[in-house]
Amino acid sequence: MASLCGKHIKPNRFNGTWRAKSRLKWNRQPPPTGMMWDTFRRLIKRAFCSKSMNRAKTLNIPLDVPLGSWYNIDRHIEYEVYRSQNTMCKRPVEEGPSIFERYEVAGEANYFVRSGTRNTLVHASHPTSMTEGREGHYHPDHQYNIVEYPNEQRSVSEEDDEDIEENGLEILRESDNLIACSDGSYDPIEQKAAFNWRIVTNDEKGLTSGSAPVNTNPKYLNSYRAEFAGLRGVIRYLKKHELHKKSITLYCGGKSCVDALNSNINFTSATLEKAESDIIQATQKIMKDFSDLKIEWVKGHQDDDDDDTELSERPLPVRLNIQCDLAAKECLRNSIKPSKRAPPMEGSKATLYLGMNM
Numbered sequence: 009m010a011s012l013c014g015k016h017i018k019p020n021r022f023n024g025t026w027r028a029k030s031r032l033k034w035n036r037q038p039p040p041t042g043m044m045w046d047t048f049r050r051l052i053k054r055a056f057c058s059k060s061m062n063r064a065k066t067l068n069i070p071l072d073v074p075l076g077s078w079y080n081i082d083r084h085i086e087y088e089v090y091r092s093q094n095t096m097c098k099r100p101v102e103e104g105p106s107i108f109e110r111y112e113v114a115g116e117a118n119y120f121v122r123s124g125t126r127n128t129l130v131h132a133s134h135p136t137s138m139t140e141g142r143e144g145h146y147h148p149d150h151q152y153n154i155v156e157y158p159n160e161q162r163s164v165s166e167e168d169d170e171d172i173e174e175n176g177l178e179i180l181r182e183s184d185n186l187i188a189c190s191d192g193s194y195d196p197i198e199q200k201a202a203f204n205w206r207i208v209t210n211d212e213k214g215l216t217s218g219s220a221p222v223n224t225n226p227k228y229l230n231s232y233r234a235e236f237a238g239l240r241g242v243i244r245y246l247k248k249h250e251l252h253k254k255s256i257t258l259y260c261g262g263k264s265c266v267d268a269l270n271s272n273i274n275f276t277s278a279t280l281e282k283a284e285s286d287i288i289q290a291t292q293k294i295m296k297d298f299s300d301l302k303i304e305w306v307k308g309h310q311d312d313d314d315d316d317t318e319l320s321e322r323p324l325p326v327r328l329n330i331q332c333d334l335a336a337k338e339c340l341r342n343s344i345k346p347s348k349r350a351p352p353m354e355g356s357k358a359t360l361y362l363g364m365n366m
C-alpha cells in the first residue's frame, strides 16, 4: 500500500481506484460500501499513521515510521519499473509481461540510457519509478536500496530445526547407491513425538543422520505422524543435497506409511480430510523428482526379540532401524515446547497454527 519511497500512503489506496497488478489469483468479491472504506481507512491510520488521523482523505498520509530497505526477494506484484545499481528495467504493456526495456547507466554520468530489452529482471533489483529527461536521458526517482532477506526468516525448503550430522555427505555424493532408514517415536503420556533418519552407502560409509521433534496439534499427534515426519525429513534432505538422482532404498518400520507413500493417491477435497494427508501429499510431491527411490518395510524393534543375535550380526536395514529408534526416543526425551512456528508444509493449500504447533 505504501508509496515506492516508503514514506506515505497515497489517497487512491483507500477508495478503490487503485489496484496492484499481482500474479496471484484473488476471489472476486462485491465492491466495499462507503462505510467499509471509512472503517478500513480509519484502522490503517490507527495502525500505521496515528499522527495523521485527521488528515483529509484527498492527501497523502505520512507513515509514523518510514519503511526501510527493499528485501531481495521474488515479488508477486508486477511493478512497472525496477532498478539495480547500474540497470533499470521497464515493463512495456504492448510487449507483454515477460519483456523488459533495459536502461544502463551512462559511464560516469548520473543518468540512464535505453540499451535494448531483457527477458528477465536484473538480479537484486527493486521497484522504482523513473523520469525522462533531455536527449533520451532517464533518471530513477529513488536511490538503490536493497538488503538480503534475514536468515531467521526461513523458507519452507529448509529443514525444520533438525539436528543434522552430515560429516559423511561428500562420501554419499561419490556413491551411486545409498541405503536410508527412518523411524518415529511417540509418547502418548507426554504428548510428544520425534523422529530420526540415517543415510549410508552400501558398505556403511558416509553416515549422515538427522533428528527433530514433531510439532503438530497434540490432539492429532500419533506414531503415524512421527513415522511420516521422519520419511519426509530424509527425503527432503536427499533432494536438497542433490542425492535424488542416485539409486536409493529407504526403509521404514511403519508398514502403513510405506504402503501410503508407494500408492498413487489422487488428492481431492475428500482425501485431504483424511489423517496425515497433508504430509503424505507433501512427501509424494518431492518423491516425483527422484530417479530411483524404493521405499520398503523393515520389521521394527527387532532388538526386543528374544534372541541373542548381536547388533553387528543383523542385516544393515535392521541395524539402521534400531539405531533410528533409539535416536528418535532420545530426541523425544530431550525435546522442549517449540519457541517459534515451523514453516508451512509445502503441498498444503492452507496451514492452521495453534500456538506454536502446526
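The sequence shown: position 345 = 353 (the working numbering), numbered continuously. Yeah, the Cβ is synthetic: ideal placement off N, Cα and C, and Gly gets one too.
If you look at Trp45, you'll find it in the alpha helix (DSSP H) that goes Gly42 to Phe56. If you check the CB distance, Thr136 and His150 come in under 8 Å.
In the structure shown, the three-state DSSP call for Asn225 is coil.
Pairwise C-beta distances place the region 317-334 in contact with the region 183-196, as three or more of them are shorter than 8 Å.
With distances taken between CA atoms, Ala202 lies nearest to Lys337 out of Gly241, Lys337 and Pro226. For Arg99, the closest alpha carbon among the candidates Ile154, Val130, Ala114 and Gly76 is that of Val130. If you compare the alpha carbons of Asn127, Phe120, Tyr152 and Thr125 with that of Glu143, the shortest gap goes to Phe120. Per the Cβ contact rule, the region 167-185 is in contact with the region 246-258 (3 or more Cβ pairs under 8 Å). Per DSSP, the continuous beta strand (DSSP E) segment holding Ile172 begins and ends at Asp171 to Glu173.
If the five residues before and after Arg31 are omitted, its C-beta is found closer than 7 Å to the C-beta atoms of His84 and Glu86, all from its own chain and listed in chain order. Pairing Tyr194 with Asn225 gives a Cβ-Cβ distance that is not under 8 Å.
At the C-beta level, Ile179 and Lys200 stay beyond 8 Å of one another.
Thr95 and Tyr111 do touch by the CB rule: their CB atoms are close to 7 Å apart, below 8 Å. When DSSP states are grouped into helix, strand and coil, Ser255 belongs to the strand group.
Sequence-distant partners of Pro74 (beyond 5 residues in either direction) whose C-beta falls short of 6 Å from its own C-beta, in its chain, are Gly14 and Lys15. For a cut-off of 8 Å, the C-beta gap from Thr216 to Leu177 is around 6 Å, short enough to register as a contact. Looking at the DSSP output, Glu304 shares a beta bridge with Tyr259. Within the same chain, Cβ atoms closer than 7 Å to the Cβ of Ala132 are found at Asn80, Ser92 and Ile154, the five residues on either side in sequence being excluded. Boundaries around Ser231 are those of the alpha helix (DSSP H), Ser231 to Lys248, since no beta strand (DSSP E) includes it. For Gly124, the secondary structure class from DSSP, reduced to helix, strand or coil, is strand.
Buried is the label assigned to Glu284, since at least 16 other Cβ atoms lie within 10 Å of its Cβ.
Between Val222 and Tyr259, the gap from beta carbon to beta carbon reaches 8 Å or more. With respect to the C-alpha of Tyr152, the residue from Arg63, Ile303 and Ser77 having the closest C-alpha is Ser77. For Ala220, the pairing in a beta bridge is given by DSSP as Phe203. Rounded to whole angstroms, the separation of the alpha carbons of Glu156 and Gly262 is 42 Å. Of the other Cβ atoms in all chains shown, 16 or more fall within 10 Å of the Cβ of Ile17; this residue is therefore buried. With a threshold of 16 other beta carbon atoms within 10 Å, Trp34 falls short and is exposed. The beta-carbon distance between Phe48 and Leu71, rounded to whole angstroms, is 16 Å. This is too long to meet the 8 Å contact definition.
Under the DSSP assignment, Thr25 falls outside any alpha helix (DSSP H); it carries neither an H nor an E label. Proximity to Tyr245 across Tyr228, Leu360, Ile107 and Glu174 peaks at Glu174, based on C-alpha coordinates. Residue pairing of Ile107 in beta bridges, as defined by DSSP: absent, with no partner found.
Annotated three-state conformation of Thr291 is helix, per DSSP. Membership of Cys97 in the beta strand (DSSP E) is indicated by the continuous run Thr95 to Lys98. Taken through DSSP and simplified to helix, strand or coil, Pro39 comes out as coil.
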